[in-house]
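Undergrad:
Protein chains: 2
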Amino acid sequence: MGTRVFGEPVKRREDARLLTGRGRYLDDLGRDALAAAFVRSPHAHARIVDVDVSGALDVDGLVAVYTWEDLPGRVGEPLPLLIPHPALTHGRTGYPLARDVVRHVGEPVVMVVARDRYLAEDAAERIRVEYEPLPAVVGIENAERAEYLVHDDVPGNVGAVLVQETGDAAAAIDAAPHRLEFRLSIERSASTPLEGRGVYARWDADDGSLRVYSSTQASTSVRAAIAARLGLPNGKVEVVAPDVGGGFGVKIVHPWPEEVLVPWAARLLNREIKWTEDRREHFVAAAHERGQLQDVRVGFDDAGRVLGLDVRILHDHGAYTPYGIIIPIVTSTQLLGPYKIGAYRAEVVSLYTNTLIVTPYRGAGRPQGVFCMERTMDRIARHLGLDRADVRAANFIQPDEFPYDQGLTFQDGRPLIYDSGDYPELLRKVRALIGWDGFEAEREAAARRGRRIGIGVGVYVEGTGVGPYEGGHVEIDTAGRVHVSTGLTSQGQGHETVFAQIAAAELGVPIRDVHVTTGDTRRFGYAVGTFASRAAVMSGNAIALACRKVREKALRIAGEALEADPRDLEITDGSVHVRGDRSASVPLRTVAVLSNPLRYAFDDETAAATQFAVGRPATEPPVAEGDEPGLEGRGYYSPVRSTFAAGAHAAIVETDPDTAEIAILRYAVVHDCGKLVNPMVVEGQIHGGVAQGVGGALYERMVYDESGQLLNASFMDFLMPYATEVPRIETDHLETPSPLNPLGIKGAGEAGVIPVSAVIASAVEDAEGLRVEAMPLSPDALYELRERASGDPGLRVRETARAGGDGAATGGQFAAGVSGALPPSERGR
Amino acid sequence: MGTRVFGEPVKRREDARLLTGRGRYLDDLGRDALAAAFVRSPHAHARIVDVDVSGALDVDGLVAVYTWEDLPGRVGEPLPLLIPHPALTHGRTGYPLARDVVRHVGEPVVMVVARDRYLAEDAAERIRVEYEPLPAVVGIENAERAEYLVHDDVPGNVGAVLVQETGDAAAAIDAAPHRLEFRLSIERSASTPLEGRGVYARWDADDGSLRVYSSTQASTSVRAAIAARLGLPNGKVEVVAPDVGGGFGVKIVHPWPEEVLVPWAARLLNREIKWTEDRREHFVAAAHERGQLQDVRVGFDDAGRVLGLDVRILHDHGAYTPYGIIIPIVTSTQLLGPYKIGAYRAEVVSLYTNTLIVTPYRGAGRPQGVFCMERTMDRIARHLGLDRADVRAANFIQPDEFPYDQGLTFQDGRPLIYDSGDYPELLRKVRALIGWDGFEAEREAAARRGRRIGIGVGVYVEGTGVGPYEGGHVEIDTAGRVHVSTGLTSQGQGHETVFAQIAAAELGVPIRDVHVTTGDTRRFGYAVGTFASRAAVMSGNAIALACRKVREKALRIAGEALEADPRDLEITDGSVHVRGDRSASVPLRTVAVLSNPLRYAFDDETAAATQFAVGRPATEPPVAEGDEPGLEGRGYYSPVRSTFAAGAHAAIVETDPDTAEIAILRYAVVHDCGKLVNPMVVEGQIHGGVAQGVGGALYERMVYDESGQLLNASFMDFLMPYATEVPRIETDHLETPSPLNPLGIKGAGEAGVIPVSAVIASAVEDAEGLRVEAMPLSPDALYELRERASGDPGLRVRETARAGGDGAATGGQFAAGVSGALPPSERGR
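Taken in sequence, the protein lines are chains A and C. Mapping to UniProt numbering: the first sequence position 137 is 137, numbers consecutive. Mapping to UniProt numbering: the second sequence position 270 is 270, numbers consecutive.
(1) Give the straight-line distance between the Cα atoms of A/G472 and C/D604, rounded to the nearest whole angstrom.
(2) So, does the region 136-143 of chain C touch the region 34-45 of chain C, judging by three or more C-beta pairs under 8 angstroms?
(3) So, for A/R188: in the same chain, excluding its five sequence neighbours on each side, which residues have a beta-carbon less than 6 angstroms away from its beta-carbon?
(4) Name the DSSP bridge partner or partners of A/W275?
(5) Just tell me which of C/L631, C/Y526, C/H649 has its CA closest to the CA of C/K429.
(6) Per DSSP, C/G621 is paired with what?
(7) Evaluate A/F715 with the Cβ neighbour count: other Cβ atoms within 10 Å of its Cβ, from every protein chain shown; 16 or more gives buried, anything less gives exposed.
(8) Between the Cα of C/R449 and those of C/E654, C/L268, C/I543, spot the shortest distance and give me the residue it belongs to.
(9) Contact check, A/W264 vs A/V75 under 8 angstroms by CB: the rounded distance?
(10) Kindly list, in the order they appear in chain C, the residues whose Cβ is closer than 7 angstroms to that of A/R556.
(11) Which residues in chain A have a C-beta closer than 9 angstroms to the C-beta of C/P639? List them in chain order.
(12) Beta strand (DSSP E) containing C/H515: first to last residue?
(13) Out of curiosity, what's the CA-to-CA distance linking C/R115 and A/S585?
(14) Can C/I325 and C/H85 be called in contact, C-beta distance under 8 angstroms?
(15) Return the Cβ separation of residue 832 of chain A and A/V244 in integer angstroms, given the expectation that the two are a contact with Cβ distance under 8 angstroms.
(16) Who pairs with A/A651 in a beta bridge, going by DSSP?
(17) Under the assumption that A/A554 contacts A/V514 (Cβ atoms under 8 angstroms), give the Cβ distance between them as a whole number of angstroms.
(18) Cα separation between C/L293 and C/P328?
(19) Just the C-alpha distance for A/E706 and A/V772, rounded to the nearest angstrom, thanks.
(20) Mind pulling the chain A residues with CB within less than 9 angstroms of C/N234?
(21) Whose Cβ in chain C lies nearer than 7 angstroms to the Cβ of A/V528?
(22) Alpha helix (DSSP H) containing C/R305: first to last residue?
(23) Could you have a look at C/H288 and say whether DSSP puts it in helix, strand or coil?
(24) Please go through the same chain and pick out, in chain order, the residues whose beta-carbon is closer than 8 angstroms to the beta-carbon of C/E141, but skip the five residues on each side of it.
(25) Quick one: list the residues of chain C neighbouring A/D603, beta-carbon separation under 8 angstroms, in chain order.
(26) Suppose you measure from the CA of A/E700 to the CA of A/V358; what does that come to, to the nearest Å?
(27) Consult DSSP for A/T486 and reduce its assignment to one of helix, strand or coil.
(28) Alpha carbon to alpha carbon, how far is C/A56 from C/A123? Give it in angstroms, no decimals.
(29) Identify the continuous beta strand (DSSP E) that holds C/S585 and give its terminal residues.
(30) Return yes when the Cβ of A/G365 is within less than 8 angstroms of the Cβ of A/V330, no when it is not.
(31) Counting only beta-carbon separations shorter than 8 angstroms, does A/A618 have a partner in chain C?
(32) Just the Cα atoms here: how many angstroms apart are A/K746 and C/T409?
(33) For the alpha helix (DSSP H) containing C/L19, name the first residue and the last one.
(34) Between C/G807 and chain A, is any beta-carbon pair separated by less than 8 angstroms?
(35) Pull out every residue of the region 22-40 of chain A whose Cβ sits closer than 8 angstroms to any Cβ of chain C, in chain order.
(36) Residue range of the alpha helix (DSSP H) that C/M377 falls in?
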């Protein structure tokens, strides 16, 4: 590689644009478009008796009103079940507009198109829908009780039952020296991106083609869905993901009802139509995640080694299963983390409720799995009186055991085999970073000052870079610009920077010459999408492979121009020259001219290229057999299986003895995503992930009442951490390159969020000495836990064993260890 | 090949659309766009003293007015010289809007943009341009005299002098037993498509991209030109050629001033803008062709074999040379036709005049060259008293002499080597078809009835399928539709049909499943363009190569699905099955699903595909190394050199002894374009070509007065043949496959037009017994020739020799030989 840009903390190239208001988000587009609005169900479960649109018809500026009856053919069919699975015996999806029955609050019933959004909302408000309410199923316990059914034809509200096992877990547990059994509970949360969903469609009647902008994580799949629904060839549907203000998973679902309806109406009306989700809509009509109950049985030996583990996962899937059962599959497989378990059985039961659908949110089932495993490790340590970190270490897969086969089937249907890693070293580093071994002294010093602090740790493994493939296209134009495109989309992760680094490094060009396009089907038509921490691994490697083809072609052509052996050439600063000798060189922009036997007279570079007497002999074709004109290449990366990143987090928290307020004093992350393309971008991802994890650990929940109304469907009521609640995050890296891909990289997008609930739970438990089995842990919840513990000694852990943070008790001043933390009394929230 | 469609007279698939008014021509697009109009020079040569736009400014609806001073950077630079040539020492091009000096009537001076075309024209009329007239150079003799200069810095008005020779022509002529020397004159004509030029541009500010529709023959090159001028990457400029109502060469020039200015203003104003050329504009602001004077010296032996030929070609290039000197190069090289000439020298002198630019028009210099060669053959025959056909036969390259090297450099810069042909057989067939050997009896029978008829013949060779390349892309989608795209454009030739035949034949699919896109840079970005009878040869073969890749991939995947060896499989009616056994088969639409490891749940075919247990082993990547997802392939065809079609035409004409009116009684064509893809389409091309040739032979001229005003710049004054003037054309085919390309085909687009002037001249000369040395031959011209001949016996040919149509004198009734012809007195024109 020529220029040293791979692995450097290059500043994010998109930030200049995004931070100065020059981003082009969906609602920045189509300012003259008609607006769509939706009448949505106010009931969690009801039969639609009548829809009376007459009141809307005299709204000036109204263009159209559609109900399910108006949707022709495939437009009106139920939405697809994206990822079928044999275990999902009772998969169900909704209609683009509700037909007969609504099954959650927010389900779209009527679509209104009007001159602008105000008028569309006014018209929507005048539409009278008569409902016959039906009993709502809310909460996992209610769903399991199955007094009422979400779908008449789904007995017991059970969509899927899936068992995975290695060995005989029940027997192993029964035979183990020690056994524990407990239930864990994880609340619902949601991706909650700054920008909600949005679709803007324009039909080109001249061309018979459709352009759709969607704030999506999967533009090629949205294209395929729209094409299928509208009966258009893929080639007549262009889907572009413009700047997207965060996705975190919710925008990988496709097609959303609105992604079908808005393009359909745009074609029908031959008018541009736009719909942008408002915040309340996002809360009730997009998707949630996380909600699970886990029943754990574990057997272990005196050293804390797990001999058998049995987990029954009750998963709340909401009203429909458009995305299949990928989340509980991930929970049940990734739960094992860095550990080798004697025998394992996981049973997933996926349950319907009359609540918003549940689809992947950053971490996608992993935070629940890690919460389960790490709570279990802590329980074992407390039970045996061992150091919590030591118990983890006792269970680790060792560095010499890779590739390590967990004996399960992963989310991609392939064997769950870890490719590389060094978990002991991760733990060693995070212990050092957080000061694990000196923590007892800190705790005691704090206690002397009336403060209650605790320390927690969590280790996890994350399958990243899931297949089946991603492609990259690289073209060097006659101005020397390098155009890199890949089909997957960007939601602010820094792809423009990272992909440009990869291309610049592979090609030997200045990074400023590299222009990256993502998520535009006009530029790259085959893609899977941005999710599962796969963008850098998949598209990064595909782009690298494409660059290598372009580089090879460039060296061949330049070799002819310079009359040199291509093997002796290298590329520096965008010019090809003999290795180590820059006296004679040919710029890549000139190579681009030379690559095309059709020379354009209006191209400045063509004149420049004439100095090189390059032309194929008159006895041969101008384009050689097997060659193509142009200095471009395409590459696909398709891995045998996922690559496994890992990390260890540790935190020190303080709990207020009076108010039960919880503050994170320190947060340390040691992260291993293989070779780092850009440590600054990875750290940014970690920071963002931890921040979302803090939300999940302490604040975020979806408060449904028993009738299925979401009581906190606004940012006034739904608590997210502000910068004041998120600690400074201390990071360190480990690099165990992946042997599976040319760049040796692993995904990093979700990492930060995964173990946070587990780590905070571990630390609060340590601070309070009370068993933490449910997240999020609000002051209310902690207060209630204290109250309950006062009557139930079984909820106390410290008495049983005073382990955790034990060891050398010579720690320094508490104040020094809690840099930047405010005393609880001074914290705003 | 599965289905038998290659070589069949499949009806044109585009006709149902085009003939029922469903074509989408440029002016059908952008109905809400702003309109552009141009103030054009009324002077052939003048200095611009002042432009006063103030009068236009109060036109309601005016949006913008631009003069050259308003054009920034490269937008205002002179237009490119598209095909530079070392001999073109003084190439000159105009500015998009005139700067200081105008050099022909019609040159654009001011651009006006307004709400609609009416307003734009109104505003344009109010703009006052003050000119200082300069002396105009009109006509080749005036240009050569160089009393005045078109360009101050081009001495003698000579843009280029190019000599090509084989052997010592002067010496060979001087030593020959017989010598002749004469001057020939060919008038100007023009492509005159039914639809003029037009550009419609829209800027997408959201996307930073430009969509340009242009009625062009070269959308990729227009894209490159606009991108270069506007400083945009190619990828941000989409150029689409919609339905185009004829091109015939004039639309291959690029960029036209309007193709730069309209997109530039559309971006600047961020408004859609359209300009469509009106008929007068087309006459004075597009391009002409043909105009040449040829000074011929020829030496030959007693058998009429040409021992030496020297031709000096004075070529009228008009005011600028944007397309280089390709026309006279073609004239001077293709002039040799099917003959082997002892020694040959051609000198091309390209001259500037203050008239519209001269760029290729169907035939592109060949009609002039064939006129020269065939007039020469007739002169030799008359001189020696030999049969005109026999003299041609005596000079033919023989079928066993291929590949035959003419020893010259062709228009593509490669050696002029004919690949295949059978000229004696062509001549034999056309003699039989027209009844050459029985013509004297017909003539005498006619003479007895007071009618004067004559017979003529002409043979030509046409280099077709010029490189450097063309590409094709073929994709089979999951509905089984076959999407074929190629970069070159269509102007009504029947590409949709012919390319679909090729794809259907190669793939074994029903032709109704094939959808062809041409000239859309969004679909295929590399192309050269549609000209030089190259579309079928170049894109046809590229598409065939692409199909073969797709077919190979389809058989491989189907082989896995059917558990059969791909070599045992074939495709019939869009389904793959074991050869000769259709009991088990897999439809291509299912193969398309299987080709992409990402299966879409919303695709009906995906469900159908599940019956085939195809999936790559879990130990291998989902996309195999070197493979790509999708059932598609791309192919490029890049020939070593051009392939040479040929033909022989013969005609019987009748001239009115009183009015000098000329009627074509019969017209016979024997044509060899190698393997026929679709004889009906080829015959349609021949018919259209002959019709245009009849125009050039008898009617069309550009009547410039001495000040450079085009006096007949309308269809009221410019004569074109109607259906009443074009005879029924009798055709026969010969197929000498080209060994240069996989399909064995040769181009056919220009063929019909090439020898018509020569054949009509030959026949009129034969009827009148008067030497015909200038075309077109109007009744006026023939009458004048008769007058001159009455005082100059040297203009008479019949006295010298009564050859031509001699031989067996036993022909039948004249009336039988002139099927469908009216007596001159009853003809309308």
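All residues carry an ideal CB built from backbone N, CA and C; glycine is no exception. All values derive from a computational prediction rather than experimental measurement.
TA: Reading it off the structure:
(1) Distance between the alpha carbons of A/G472 and C/D604: 28 angstroms.
(2) Short answer: they touch.
(3) For A/R188, where only same-chain residues beyond five positions count, the Cβ hits under 6 angstroms are H288, R290, G291, M702.
(4) Paired residue(s): A/V199.
(5) C/H649
(6) One point to set straight first is that residue 621 of chain C is Pro, not Gly, in the sequence displayed. Its beta-bridge partners do not exist; DSSP assigns none.
(7) exposed
(8) C/E654
(9) 5 angstroms
(10) Ordered by position in chain C, no residue passes the 7 angstroms Cβ test against A/R556, which lies about 16 angstroms from the chain.
(11) P621, P622
(12) 514-518
(13) 52 angstroms
(14) yes
(15) Outside the displayed span of chain A (1 to 829) sits residue 832 of chain A, for which this structure offers no information.
(16) A/G456, A/Y667
(17) With 8 angstroms as the limit, A/A554 and A/V514 do not qualify as a contact, their Cβ atoms being about 14 angstroms apart.
(18) 11 angstroms
(19) 25 angstroms
(20) E475, D477, T478, H483
(21) L598
(22) Unbroken run through C/R305: none, as it is neither H nor E.
(23) strand
(24) L293
(25) A224, A228
(26) 15 angstroms
(27) strand
(28) 5 angstroms
(29) 581-587
(30) yes
(31) yes
(32) 58 angstroms
(33) 15-19
(34) Note that C/G807 has pLDDT 36, beneath the 50 cutoff, so the model's placement of it is unreliable and the number below is only indicative. It does not: the Cβ of C/G807 has no partner Cβ on chain A nearer than 8 angstroms.
(35) Listed in sequence order: R24, D28, L29, G30.
(36) Boundaries of the alpha helix (DSSP H) harbouring C/M377: 366-384, taken from the DSSP string.
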